[in-house]
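Following: one structure in structure tokens, then a few remarks.
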Amino acid sequence: MINQELINPKSIVVVGGSNKTSKPGGNCVRNLINGKYKGDLYVVNPKETEVQGLKCYSHISEIPQTDLAIISIPAQACLETITVLAQEKGVKAFIMYTAGFGEETTEGGILEQKIVEVINQANASLIGPNCIGILNRYHHSLFTLPIPEMDPFGVDMISSSGGTALFIMESSIRMGLRFNSLWSIGNGAQTTVEDVLEYMDNHFNPETDSKIKLLYIESIKDPDKLLEHTTSLIRKGCKIAAIKSGTSESGSRAASSHTGAMANPDLAVEALFRKAGIVRCFSREELATVGAVFTLKELKGKNIAIVTHAGGPAVILTDALSKGGMEIPKLSDTPIAKELKDKLLPGSAISNPIDILGTGEPKHLAIAIDYCEKKFKNIDGIAVIFGSPGLTRVYEAYDVLDQKMRTCSKPIFPILPSVSTAWDETDFFVKKGHVNFSDEVGLANALTKILKTPHPLANNLELKGVDIPLVRRIIDSIPGSGYIEPHYVQMLFKATGIPMVEELVSDQWDEICNFTERTGYPVVAKVVGPVHKSDVGGVVLNIRSQAHLEIEFKRLMKIPEAHAVMIQPMLKGMELFAGAKYEEKFGHLVLCGLGGIFVEIFKDIASGLAPLATEEALSMIRSLRGYKVFKGARGQEGIDEFQFAKIIVQLSALLRFATEIKELDINPLLATEKGIIAVDARIRIEKPNEINNANQ
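Residue numbering for the sequence shown follows the numbering used here, beginning at 13 and increasing consecutively.
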């Protein structure tokens with residue numbers, strides 16, 4: 013839980029505070045004093061009588077009633093100390109720097125739980141243990157440096173790791189980011205990352221609160237809670253970026269289906285972040301850069317103008333933006349462009365990038381920005397590259413940039429690369445309240461990530477064409493667990509509205525002959541029994557005669573574990589893929605991509621969390637690297653992406669009401685001239701009563 017005693021305490025005691033600022037307790041006292049904490053500040057240390065000018069108490073029994081206790085003593089002394097503070101001194105909030113608990117040993121975990129029980133019984137709040145503390149505008153209860161500049165509209169950062177939070181903060185400060193708060197969660201024994209987000213969401217005030225949240229998460233303990241509150245905050249106008257570390261594919265190695273082999277915790281995180289609208293980052297520098305972009309005016313399109321006085325960095329930026337899907341519109345063939353050229357120095361380029369030359373003056377920078385804002389209508393944002401050649405000072409140019417960033421209706425992204433030669437000028441610019449992107453590629457990557465992150469959608473379950481009672485009757489009628497028989501797959505897809513190719517499963521030659529006489533040739537024959545049909549030679553395509561079919565039927569029936577043969581008409585079209593897998597804590601993970609062998613070779617797949625809405629499914633499809641193939645390439649017909657999205661949505665609805673399904677493959681879905689149709693599918697279910705019986 014989070015309470016006011018933690019956020020804005022009237023009194024703080026540092027247990028283990030000292031005069032040695034090289035120790036956590038000593039540095040915390042210094043940070044509180046330097047941060048001008050306005051409440052009563054007490055220190056407990058049996059070896060000191062005065063700590064950094066403050067009276068020091070020898071034992072916790074001597075201190076007055078206190079709101080917040082910061083614990084910086086050995087682990088074995090913590091339980092007794094916290095018990096006294098909670099039960100006798102009225103402490104309602106604790107921050108534990110101390111390590112040596114559940115993160116190290118089983119015994120430490122037991123001790124940690126006992127401490128949590130004491131704190132919970134006192135209806136108090138706990139941050140940690142094993143953390144660096146928290147920082148806000150009321151108190152600087154960190155034991156680390158540096159302390160960033162505080163701003164009510166600065167960044168809120170929540171981190172599982174104290175060290176990582178510190179390093180992210182260092183990158184952020186260098187870029188000019190300011191902070192409203194920092195939460196180092198540590199072991200999260202009572203308060204998790206999700207709990208802090210819940211508090212921020214439930215107490216959010218759009219007039220007074222920060223709208224930028226940066227997260228470093230090592231463990232998502234409650235995905236539903238994370239999704240609920242990040243989605244809510246984003247809908248209230250917040251922007252959120254996050255790193256999730258510790259994802260691994262090891263859990264999927266033993267999976268028996270294409271989906272099972274590809275679905276992994278990383279894809280589950282990807283799907284969760286996509287659904288919530290969180291910009292996913294993979295490095296500290298990237299997270300800080302995205303946070304810096306969040307502080308600027310919102311970029312509402314893909315068209316960027318680049319204003320520079322150095323050609324090379326502009327070319328690098330152009331390449332990086334284009335690679336990420338942004339546009340650098342050509343400007344030189346218009347009357348307005350020629351008008352701009354006349355106002356710049358001879359030799360200036362105005363095609364975009366707009367190069368005002370190394371000898372360009374601040375007034376030329378101002379003119380170029382004005383034209384990009386007011387006269388070039390197809391520009392959504394302006395990147396300005398302006399460094400120093402080491403010959404002149406650039407204060408005046410940075411003053412112009414400062415003024416334009418305050419007044420321009422479009423976002424301006426300042427790239428000031430001379431962090432050594434023009435350090436004083438860059439520092440002058442940043443201290444005016446701006447950020448600086450010293451690396452143009454880092455900026456380009458951040459911009460494209462933000463633009464490609466979908467906004468959270470209303471989580472409405474779309475059920476058109478889905479017969480829920482029939483789905484339940486079919487699932488309930490299936491005996492046992494494991495991969496279900498093909499006719500059950502057909503029945504479930506029909507009840508869900510997913511089109512599937514006509515087929516016959518039989519071990520009787522006469523029945524197969526009658527089926528092919530009705531459907532005609534060519535046909536496909538597949539063995540029924542072995543899970544991986546292709547691996548055992550169990551798939552035969554383009555059978556064009558009864559004689560050929562009879563030979564293959566006999567061969568397929570001799571394959572080990574075969575008990576029948578499936579016959580389908582041979583269809584032509586583009587192979588697609590859709591599938592699903594149940595991920596512990598996250599629920600059903602839905603995948604889509606190119607089908608056939610390409611699903612495993614290219615691994616070009618997109619993920620989403622069920623249930624999915626149509627817009628979410630379309631966003632998944634359009635995020636694929638192979639999306640251009642879906643649109644039609646080299647004279648080939650494209651696919652109906654809306655029908656593909658509809659099938660994905662219907663699949664997610666099936667999973668919502670058939671939770672027994674743990675793995676599902678539709679590979680391939682065939683995009684034919686007449687529409688998209690499922691050609692081959694496998695479904696694995698687990699019946700709860702059977703799992704319980706197995707555990708007994």
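C-beta: ideal position from N, C-alpha, C; glycine also. Only a predicted model underlies this, so the values are computations on that prediction, with no experimental measurement involved.
Using C-beta distances below 7 angstroms, list every residue in its chain close to residue i, excluding the 5 sequence neighbours before and after it, in chain order.
{"i": "GLU210", "result": "LYS237, HIS241"}
{"i": "PHE388", "result": "ALA317, LEU343, ILE348"}
{"i": "LEU601", "result": "ALA275, LEU279, ALA280, ALA283, ALA592, LYS593, GLU595, SER619, LEU621"}
{"i": "LEU239", "result": "LEU284, LYS287, ALA288"}
{"i": "ASP207", "result": "ILE14"}
{"i": "GLY370", "result": "HIS321, ALA322, PRO401"}
So residue i packs on residue j, CB below 8 angstroms; how close in whole Å?
{"i": "ALA618", "j": "CYS604", "result": "6 angstroms"}
{"i": "ALA574", "j": "VAL540", "result": "7 angstroms"}
{"i": "ILE224", "j": "VAL167", "result": "5 angstroms"}
{"i": "VAL396", "j": "ILE379", "result": "Between ILE379 and VAL396 the Cβ distance is about 13 angstroms, and since that is not below 8 angstroms, they are no contact."}
{"i": "ILE127", "j": "ASP79", "result": "About 18 angstroms separates the two Cβ atoms, so there is no contact after all."}
{"i": "LYS699", "j": "GLU675", "result": "Actually they are not in contact, since the Cβ atoms of LYS699 and GLU675 sit about 14 angstroms apart, beyond 8 angstroms."}
{"i": "SER421", "j": "GLU385", "result": "6 angstroms"}
{"i": "GLY102", "j": "GLN133", "result": "Wrong, their Cβ atoms sit about 14 angstroms apart, outside the cutoff."}
{"i": "THR465", "j": "GLY289", "result": "6 angstroms"}
{"i": "ALA629", "j": "ALA657", "result": "4 angstroms"}
{"i": "VAL319", "j": "ILE362", "result": "Going by Cβ atoms, the distance from VAL319 to ILE362 rounds to 10 angstroms, so no, they are not a contact pair."}
{"i": "LEU666", "j": "THR508", "result": "5 angstroms"}
{"i": "LYS476", "j": "ASP392", "result": "Not really, about 36 angstroms apart at Cβ, beyond 8 angstroms."}
{"i": "ASN364", "j": "ILE394", "result": "About 11 angstroms separates the two Cβ atoms, so there is no contact after all."}
What does a CB cutoff of less than 8 angstroms around residue i pick up in its chain, not counting 5 residues either side in sequence?
{"i": "ILE555", "result": "TYR533, PRO534, VAL535, VAL536, ALA537, LEU561, GLU564, MET582"}
{"i": "VAL551", "result": "VAL536, ALA537, LYS538, VAL539, LYS545"}
{"i": "GLU523", "result": "LEU516"}
{"i": "PRO158", "result": "MET181, GLU182, ILE185"}
{"i": "CYS143", "result": "ILE107, MET108, TYR109, GLY174, SER196, ILE197, GLY198, ASN199"}
{"i": "LEU44", "result": "ILE24, VAL26, LEU53, HIS151, HIS152, SER153"}
So, is residue i buried or exposed, given that buried needs 16 or more other C-beta atoms within 10 angstroms?
{"i": "HIS446", "result": "buried"}
{"i": "HIS662", "result": "This sequence places Gln at residue 662; His is not what is there. When all chains shown are included, GLN662 counts as buried."}
{"i": "GLY198", "result": "buried"}
{"i": "GLY650", "result": "exposed"}
{"i": "LYS287", "result": "buried"}
{"i": "SER262", "result": "The predicted position of SER262 is uncertain, since its pLDDT is 46 and thus under 50; a value taken from the coordinates is nonetheless stated next. It is exposed - the Cβ of SER262 has fewer than 16 other Cβ atoms within 10 Å."}
{"i": "ASN135", "result": "exposed"}
{"i": "LYS48", "result": "exposed"}
{"i": "ASN46", "result": "exposed"}
{"i": "GLN520", "result": "exposed"}
{"i": "HIS215", "result": "exposed"}
{"i": "GLU17", "result": "buried"}
{"i": "THR404", "result": "exposed"}
{"i": "HIS270", "result": "Residue placement at HIS270 is flagged as unreliable, the pLDDT there being 49, under the threshold of 50; the coordinate-derived value follows with that caveat. HIS270 comes out buried."}
{"i": "HIS499", "result": "exposed"}
{"i": "ASP652", "result": "exposed"}
{"i": "SER557", "result": "exposed"}
{"i": "ILE695", "result": "buried"}
{"i": "ASN679", "result": "buried"}
From the DSSP output, read off the bridge partner residues of residue i.
{"i": "GLY687", "result": "THR684"}
{"i": "TYR54", "result": "VAL25"}
{"i": "SER730", "result": "Past the edges of the chain, shown from 13 to 708, lies residue 730, and the structure says nothing about it."}
{"i": "HIS215", "result": "In DSSP, HIS215 forms no bridge with anything."}
{"i": "HIS600", "result": "TYR594"}
{"i": "TYR228", "result": "SER171, ILE255"}
{"i": "HIS152", "result": "LEU147"}
{"i": "TYR69", "result": "VAL56"}
{"i": "ASP292", "result": "Rather than Asp, the amino acid found at residue 292 in this sequence is Arg. DSSP output for ARG292 lists ALA254 as bridge partner(s)."}
{"i": "PHE729", "result": "In the structure displayed, the chain extends from 13 to 708; residue 729 sits before or after that span and is not available."}
{"i": "GLU675", "result": "LYS593, ARG696"}
Counting only beta-carbon atoms, is residue i nearer than 8 angstroms to chain E?
{"i": "PRO623", "result": "Protein chains in the displayed structure number just one, and chain E is not present."}
Which residues in the same chain as residue i place their Cβ atom closer than 6 angstroms to its Cβ, once the five residues preceding and following it in sequence are excluded?
{"i": "ASP163", "result": "ARG190"}
{"i": "GLY258", "result": "GLU230"}
{"i": "ILE452", "result": "According to the sequence displayed, residue 452 carries Glu and not Ile. Within the same chain, GLU452 has close Cβ partners PRO325, ILE328, LEU329, ILE427."}
{"i": "PHE165", "result": "SER222"}
{"i": "SER73", "result": "none"}
For this session: Pair every Cβ in the stretch 449-462 with every Cβ in the stretch 477-494, then say whether three or more of these pairs are closer than 8 angstroms.
Result: no
For this session: Taking 8 angstroms as the threshold, find out whether the stretch 103-110 comes into contact with the stretch 136-154 through three or more Cβ pairs.
Result: yes
Exercise. With a cut-off of 8 angstroms, do at least 3 Cβ pairs link the stretch 132-139 to the stretch 197-210?
Worked result: Yes: the two stretches touch, three or more of their Cβ pairs being nearer than 8 angstroms.
Problem set entry | Segment contact flag, the stretch 169-183 with the stretch 116-135, C-beta cutoff 8 angstroms, min 3 pairs | no
Exercise. Quick check: the stretch 328-346 against the stretch 486-496, are there 3 or more CB pairs under 8 angstroms?
Worked result: no
Problem set entry | Inter-stretch contact at 8 angstroms, needing at least 3 Cβ pairs: the stretch 424-431 / the stretch 342-361 | no
Problem set entry | At least three beta-carbon pairs within less than 8 angstroms, the stretch 303-310 to the stretch 358-372 | The stretch 303-310, when compared against the stretch 358-372, does not touch it at the 8 angstroms Cβ threshold.
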